[in-house]
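Report on the following structure.
2 protein chains.
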Amino acid sequence: MGNSRVTVREIARLAGVSVATVSRVWNGTGQVSEEMRRRVLEAIEEHGYRPDHLGQALAARRHGALGLVFPGLSGPYFTELIQGFESEAVPARASVHILCTHMREDSDAQVLEMARRVDGIAVIGGTISEPVLLRLAEMVQVVVLAGRGTGTVPSVSVDNAPAMTRLTRHLLVDHGLRDLAFVGNPDGSPDISERWAGFLAAHRELALTPPAEPVRVAMQQPDGVLAAEQLLRGGAAPQAVVCANDEIALGVLVGALGRGLRVPEDLVITGFDDAPMAALVSPPLTTVRQPVRDLAAEAARLILNAVEAPGTAAPDSIVLPTELVVRHSCGCPTGAPLGGIGQ
Amino acid sequence: MGNSRVTVREIARLAGVSVATVSRVWNGTGQVSEEMRRRVLEAIEEHGYRPDHLGQALAARRHGALGLVFPGLSGPYFTELIQGFESEAVPARASVHILCTHMREDSDAQVLEMARRVDGIAVIGGTISEPVLLRLAEMVQVVVLAGRGTGTVPSVSVDNAPAMTRLTRHLLVDHGLRDLAFVGNPDGSPDISERWAGFLAAHRELALTPPAEPVRVAMQQPDGVLAAEQLLRGGAAPQAVVCANDEIALGVLVGALGRGLRVPEDLVITGFDDAPMAALVSPPLTTVRQPVRDLAAEAARLILNAVEAPGTAAPDSIVLPTELVVRHSCGCPTGAPLGGIGQ
DNA sequence: ATGGTGCCTGAAACCGGTTTCTGTCAACCG
DNA sequence: CGGTTGACAGAAACCGGTTTCAGGCACCAT
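Chains as they are written, first to last, in this note's numbering: chain R, 109 to 451; chain F, 109 to 451.
Now the structure itself:
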């Protein structure tokens with residue numbers, strides 16, 4: 109019945125065997141006679157013995173745990189990341205530790221503290237400084253998630269820049285728009301930085317002048333509403349608002365509709381992520397689909413493999429593909445065929 | 109320089125002292141002469157020694173970790189929970205493990221597995237069955253978060269039913285509405301169950317007939333869109349849609365606006381949570397504010413205290429207050445004073 | 001009878017810390 | 001001078017597992 113206080117030695121005593129035998133029976137390693145096995149299993153059963161995780165971990169010099177470090181938790185993007193990460197970790201019997209740095213100044217210490225408790229860590233790009241990242245990497249296996257790695261540190265990310273270039277080109281070329289705004293803070297994360305770069309690149313390749321500055325706001329829906337107010341306040345509203353993610357886009361959409369604008373007739377809006385809501389709002393959102401769950405799952409797999417086979421060279425960085433999803437908010441007719449659009 | 113491979117005994121050897129002294133110096137316990145302290149600190153500094161967490165935890169018989177168990181991760185509610193929980197755990201030097209059961213059938217085993225790795229667990233109400241909850245409680249400190257406890261298991265929740273009764277009464281009495289629909293699955297979680305109960309109670313106390321059945325959908329924005337389609341499809345649309353949370357409400361709002369309805373003129377919509385977006389949509393959402401972060405922080409505190417002082421009797425269950433937030437989506441004029449409304 | 005071979009088993013070492021317990025030594029007191 | 005006290009240091013036990021290593025034993029071939 110009872111459970112947590114009973115140890116191997118206790119079980120060994122009760123079964124009249126050595127602790128080695130108990131361990132062998134429990135783990136199914138080595139050779140154990142049928143008689144011994146029966147006696148041990150009986151004692152285990154009767155006292156509800158389960159080996160202490162700390163003891164096991166100490167002996168194995170492995171924590172059986174993976175860490176995930178965020179700047180802060182917000183929106184479907186991060187929840188998807190967590191779940192993708194978990195979907196790989198849990199079957200591998202690794203628990204998932206999470207840490208939100210919130211950009212606190214003691215967050216470096218906290219990340220290093222986490223490193224003492226896990227076998228590997230996935231860090232969301234832009235969350236911690238490079239020196240700390242490197243120190244981390246000499247303690248545990250590290251992967252940068254949604255960002256660029258650093259020499260020894262591999263990364264998993266998506267092809268943000270090309271995707272954003274395709275999307276922007278679609279607006280500039282196929283819809284003939286000229287006055288685009290970009291909403292999102294490129295300094296906030298590598299993802300955004302690359303999307304901003306892709307946005308600029310599309311302008312450059314067409315010899316058009318992009319806006320000098322993005323509208324720098326955070327990544328959540330309310331921030332989009334804020335951005336909409338800022339953009340639509342003066343008379344000089346842009347023709348299109350290219351948003352760094354869907355959440356911002358949904359916020360901008362709410363803000364625009366709230367001011368009586370028609371989308372896409374009066375204002376074109378695009379997002380990034382293809383969040384579940386993107387397809388459901390009116391008008392449905394033109395966006396870029398990225399495999400967020402896969403991204404995190406891939407990161408977890410990378411870490412688990414490296415932990416499993418420590419000798420192996422640091423794995424290469426991985427870039428997952430994205431997909432342009434054209435809906436109605438860019439001005440395309442609803443249900444437009446996707447073929448042949450934007451290159 | 110190096111770090112992770114160096115142990116107490118190594119440092120002891122290098123400093124020419126015993127391991128006991130190294131431990132005393134590091135922890136600042138006991139009496140150590142200035143000379144010894146200096147030698148030890150020098151060796152520690154030079155080799156970048158940090159005590160192994162597993163060794164410490166094993167000796168202390170404490171993991172220094174807390175667990176958080178979810179059905180699945182979705183929306184701002186859960187991210188707020190995580191962050192509230194973390195805000196208490198991290199300063200207490202406890203790491204946070206998370207587990208999404210996704211209602212998998214092996215989730216019981218996974219929760220029990222988690223119990224071997226943490227000092228205490230907060231379980232979101234309705235996530236695991238009562239027998240498992242009780243088994244869990246004999247292994248570690250357990251708190252039910254947003255749900256009712258079970259005898260020995262304390263809980264932290266909000267006054268869902270009274271709050272929903274107040275909100276419903278506001279619609280029935282102050283706005284004279286008669287045909288209300290409830291969107292949300294009462295079997296999905298104790299929270300929703302209580303809100304549905306509160307909704308029914310308001311009807312009962314006014315001798316009115318509530319709808320026989322709620323519209324059973326999940327808790328995210330897309331589900332609200334779905335519910336809107338379902339409710340508004342036939343000619344028999346209700347006068348008001350009372351949603352189990354803000355996310356559903358925002359989805360219903362999007363769905364309703366998409367069908368050309370005016371809110372609140374043609375359809376009244378209310379939510380629950382007071383999520384950030386609630387105040388920003390048009391019309392702003394009438395809802396109930398609940399202290400989600402505090403809820404989780406309180407749960408973490410409960411666990412930490414219990415772990416700190418194991419002798420103490422199981423703490424009482426805690427019910428945090430909520431607040432009715434009247435905005436425009438219920439039909440009240442924008443910026444209406446809150447005083448004197450709904451009791 | 002002797003030696004070799006495999007199968008089982010348990011004592012002991014190990015993982016990396018903390019803590020108790022014993023003992024030394026100097027200072028202080030009568 | 002002998003005895004008490006207190007500060008300090010280290011040996012060893014402990015936390016709860018796993019794994020190595022050596023030995024006992026049965027069986028078989030020579």
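Glycine is no exception: its CB is placed at the ideal position from the N, C-alpha and C atoms.
Here the structure is a predicted model, which is why all the values come from computation and not from measurement.
Buried or exposed: which applies to residue 448/R, given that a residue is buried once 16 or more other Cβ atoms fall within 10 Å of its Cβ?
Bear in mind that the predicted position of residue 448/R carries a pLDDT of just 40, short of 50, making it unreliable; the figure below should be weighed with that in mind. Classification for residue 448/R: exposed.
If we ignore side chains and look at the alpha-carbon of each, how far apart do residue 451/R and residue 389/R end up?
For residue 451/R, the pLDDT reaches just 40, beneath the cut-off of 50, and the residue's location in the model is therefore unreliable, although a value from the coordinates is still provided. Taking the straight line joining both Cα atoms gives about 26 Å.
So residue 310/R packs on residue 323/R, CB below 8 Å; how close in whole Å?
Not a contact, Cβ separation roughly 17 Å.
If you measure between the beta carbons of residue 138/F and residue 400/F, is that distance less than 9 Å?
Cβ distance not < 9 Å, so residue 138/F and residue 400/F don't count as in contact.
Report the three-state DSSP secondary structure of residue 381/R (helix, strand or coil).
Residue state, collapsed to three classes: strand.
To the nearest whole angstrom, what separates the beta carbons of residue 407/R and residue 346/R, a pair I think is in contact under 8 Å?
Actually they are not in contact, since the Cβ atoms of residue 407/R and residue 346/R sit about 36 Å apart, beyond 8 Å.
Got a sec, what are the start and stop residues for the beta strand (DSSP E) residue 236/F sits in?
Per DSSP, residue 236/F belongs to no beta strand (DSSP E) and is neither H nor E.
On the CB-based measure, 16 or more other CB atoms within 10 Å of its CB, does residue 431/R come out buried or exposed?
So residue 431/R counts as exposed.
Can you check whether the C-beta of residue 187/R is within less than 9 Å of a C-beta belonging to chain F?
Taking Cβ atoms only, chain F reaches closer than 9 Å to residue 187/R, which makes this a yes.
Using DSSP's beta-bridge definition, name the partner residues of residue 438/R.
For residue 438/R, which the question treats as bridged, DSSP gives no partner whatsoever.
In angstroms with no decimal places, state the Cα-to-Cα distance between residue 433/F and residue 349/F.
So the alpha carbons of these two residues sit roughly 16 Å apart.
Given a cut-off of 9 Å on the beta-carbon distance, is the pair residue 179/R and residue 208/R in contact?
Yes, these two residues count as a Cβ contact at 9 Å.
Can you grab the Cα-Cα spacing for the pair residue 458/R / residue 119/R, in whole Å?
The structure shown has nothing for residue 458/R, since chain R only spans 109 to 451.
Of all the options 150/R, 227/R, 142/R, which has the alpha carbon lying nearest to the alpha carbon of residue 121/R?
Residue 150/R is the option with its Cα nearest to residue 121/R.
Do the segment 200 to 207 of chain F and the segment 202 to 222 of chain R touch if we need at least three Cβ pairs shorter than 8 Å?
Contact between the segment 200 to 207 of chain F and the segment 202 to 222 of chain R is present, because at least three Cβ pairs lie under 8 Å.
Return helix, strand or coil for residue 338/F, following the three-state DSSP convention.
Helix, per DSSP.
Is there a C-beta anywhere in chain F that falls below 9 Å from the one on residue 211/R?
No, residue 211/R lies away from the interface with chain F (no Cβ there is under 9 Å from its Cβ).
Report yes if the C-beta distance between residue 253/F and residue 217/F is below 9 Å; otherwise report no.
In this structure, residue 217/F does not lie closer than 9 Å to residue 253/F by Cβ.
Would you kindly work out how many angstroms separate the C-alpha atoms of residue 343/F and residue 274/R, rounded to a whole number?
Approximately 43 Å between the Cα atoms of the pair.
Where are the alpha helix (DSSP H) runs, 4 residues long or more, that stay fully inside the segment 141 to 197 of chain F, in chain order?
If we require 4 residues or more, the alpha helix (DSSP H) runs fully inside the segment 141 to 197 of chain F come out as 142 to 155, 161 to 168, 183 to 197.
Does the beta carbon of residue 181/R sit closer than 9 Å to a beta carbon anywhere in chain F?
It does; some Cβ of chain F falls within 9 Å.
How many Å lie between residue 382/R and residue 279/R at the Cα?
If you take the alpha carbons of residue 382/R and residue 279/R, they lie about 17 Å apart.
Is the distance from the Cβ of residue 172/F to the Cβ of residue 225/R below 9 Å?
Contact: yes.
Can the beta-carbon of residue 265/R be found closer than 9 Å to that of residue 277/R?
It is not a contact, given that the beta carbons lie outside the stated cut-off.
Among 362/F, 300/F, 416/F, 213/F, which has the Cα closest to the Cα of residue 327/F?
When each option's Cα is compared against that of residue 327/F, the closest is 300/F.
Does the beta carbon of residue 384/F come closer than 9 Å to any beta carbon on chain R?
Taking Cβ atoms only, chain R reaches closer than 9 Å to residue 384/F, which makes this a yes.
Just to make sure I have the definition right: I need the residues of chain R whose C-beta is within less than 8 Å of the C-beta of residue 390/F. Which are they?
Within 8 Å Cβ-Cβ: 362, 365, 366.
To which residues does DSSP link residue 290/F through a beta bridge?
Paired residue(s): 350/F.
Quick check on this structure: which residue in 380/F, 425/F, 405/F, 412/F has the alpha carbon closest to the alpha carbon of residue 438/F?
Answer by Cα proximity: 380/F.
Please classify residue 354/F as buried or exposed, where buried requires at least 16 other C-beta atoms within 10 Å of its C-beta.
Result: buried.
At which residues does the alpha helix (DSSP H) containing residue 218/R begin and terminate?
Note, residue 218/R: alpha helix (DSSP H), 215 to 223.
Here's the rule I'm using: 16 or more other beta-carbon atoms within 10 Å means buried, otherwise exposed. How should residue 154/R be labelled?
It counts as exposed.
Looking at residue 435/R and residue 392/R, is the spacing between their C-beta atoms short of 9 Å?
Going by C-beta atoms, residue 392/R is nearer than 9 Å to residue 435/R.
In chain order, what residues of the same chain have a beta carbon less than 6 Å from the beta carbon of residue 243/F, not counting five sequence neighbours either side?
Same-chain partners within the cutoff: there are none.
Look at the alpha carbon of residue 372/F and the alpha carbon of residue 425/R, and state the distance between them as a whole number of angstroms.
Going by the C-alpha atoms only, they are around 52 Å apart.
Got a sec, what are the start and stop residues for the beta strand (DSSP E) residue 313/F sits in?
Premise fails: residue 313/F lies in the alpha helix (DSSP H), 298 to 313, not in any beta strand (DSSP E).
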